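Visitor: Protein chains in written order, with the working numbering: chain A, 1 to 109; chain B, 1001 to 1112. Below are the structure tokens for one structure; questions will follow.
As structure tokens, then:
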């Protein structure tokens, strides 16, 4: 049974810092992995999708990596801004979509 | 991308009543997914709704409690029946397009 774990559960960093969010999964037989952002009381916004054959994807200040063999993905946020404050969710897709519990990120002005 | 809308955006309901949540997608899709997000938790898949057939429910979810309709390829409803405070959650519908999953804004439900 696929399990997705995100570490840390919560993170507070000063504005301007670079940071890394971690996601691990137990079964490496995935089709792809997707990172989402969720603002309080809102739905999910797709940030990055990494196909199983890919190693990383970049969008603006965001970079996501995937290492299937070790069952890990990271989301790197460069030059963090207060507007980046949100919960970041990792989801792996095998025969269904399994979500981690998320990392609550707070960027301090 | 996909544009998904949900109604209502939020509601406060009394125990024992039912609420129907609507989900509209901007173009036709084969499968629509309904998720629940309980307070402080991640998303859990309730069921997959296919047009023209019965919805497929995940373990722990049953049709009597969460009946789903899928009358066409752009619309679905989820009903939360005989509600209790434990049903207080955000309910989200989702579709997949080109291997990316898109979500509606969610319906925030509070059951008193």
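Cβ atoms here follow ideal geometry from the backbone N, Cα and C, with glycine treated the same way. Everything numeric in this text was worked out from a predicted model, so none of it was measured.
(1) Please decide whether residue 1005 (chain B) counts as near chain A, where near means a Cβ-Cβ distance under 8 Å.
(2) Under 9 Å Cβ-Cβ, which residues of chain B neighbour residue 46 (chain A)?
(3) Please classify residue 1040 (chain B) as buried or exposed, where buried requires at least 16 neighbouring CB atoms within 10 angstroms.
(4) Within 8 Å (strictly less), CB to CB, does residue 126 (chain A) reach chain B?
(5) State the start and end residues of the unbroken beta strand (DSSP E) segment that holds residue 1094 (chain B).
(6) As a quick exercise: from A:103, A:108 and A:18, pick the residue whose alpha carbon is nearest that of residue 38 (chain A).
(7) In the structure shown, what three-state DSSP assignment does residue 1086 (chain B) receive?
(8) Should residue 1070 (chain B) be labelled buried (16 or more other beta-carbon atoms within 10 Å of its own) or exposed?
(9) Starting from the C-beta of residue 1006 (chain B), find all residues in its chain whose C-beta is less than 7 Å away, skip the five residues before and the five after it, and write them out in chain order.
(10) Pull up the distance between the alpha-carbon of residue 1054 (chain B) and that of residue 1025 (chain B), whole angstroms please.
(11) For residue 1097 (chain B), go through chain A and note every residue whose CB falls closer than 7 Å to its CB, in chain order.
(12) Please determine, among B:1084, B:1073, B:1060 and B:1038, the residue with the shortest C-alpha to C-alpha distance to residue 1116 (chain B).
(13) With a threshold of 8 Å between beta-carbons, can residue 1092 (chain B) be considered close to chain A, or not?
(14) How would you label residue 98 (chain A), buried or exposed, when you count the other beta carbons within 10 angstroms and need 16 or more for buried?
(15) If you follow the beta strand (DSSP E) that residue 37 (chain A) is part of, which residue opens it and which one closes it?
(16) Using alpha carbons as the reference points, say which of B:1045, B:1027, B:1012 and B:1102 lies closest to residue 1035 (chain B).
(17) What are the residues of the segment 1047-1062 of chain B that lie near chain A, defined by any Cβ-Cβ distance shorter than 7 Å?
(18) State the CB to CB distance for the pair residue 92 (chain A) and residue 4 (chain A), rounded to an integer number of angstroms; the pair is presumed to be in contact (CB under 8 Å).
(19) Contact defined as beta carbons within less than 8 Å: I believe residue 78 (chain A) pairs with residue 61 (chain A). What is the distance between those atoms, to the nearest angstrom?
Guide: On the basis of the data shown:
(1) Cβ-Cβ to chain A under 8 Å: no for residue 1005 (chain B).
(2) Here the neighbours are 1001, 1100, 1101, 1102 and 1103.
(3) Exposed, because fewer than 16 other Cβ atoms sit within 10 Å of the Cβ of residue 1040 (chain B).
(4) It is not possible to answer for residue 126 (chain A), since the shown part of chain A is limited to 1 through 109.
(5) 1089-1097 is the extent of the beta strand (DSSP E) around residue 1094 (chain B).
(6) Relative to residue 38 (chain A), the option among A:103, A:108 and A:18 whose CA is nearest is A:103.
(7) DSSP places residue 1086 (chain B) in the helix class (H, G or I) of the three-state scheme.
(8) Under this definition residue 1070 (chain B) is a buried residue.
(9) So the qualifying residues of the chain are 1021, 1022, 1023, 1093, 1104, 1105, 1106 and 1107.
(10) Spanning the two alpha carbons is a distance of roughly 19 Å.
(11) Those do not exist, as residue 1097 (chain B) stays about 10 Å from chain A at its closest Cβ, beyond 7 Å.
(12) What the structure shows of chain B is the stretch from 1001 to 1112, and residue 1116 (chain B) is not part of that stretch, so it cannot be assessed.
(13) By this cut-off, residue 1092 (chain B) is an interface position.
(14) With 16 or more other Cβ atoms within 10 Å, it is buried.
(15) Run containing residue 37 (chain A): 32-38, per the beta strand (DSSP E) assignment.
(16) That would be B:1045, whose Cα lies nearest to the Cα of residue 1035 (chain B).
(17) Answer in chain order: no residues at all.
(18) Correct: roughly 6 Å between the Cβ atoms.
(19) The pair is a contact, with the Cβ atoms about 4 Å apart (cut-off 8 Å).
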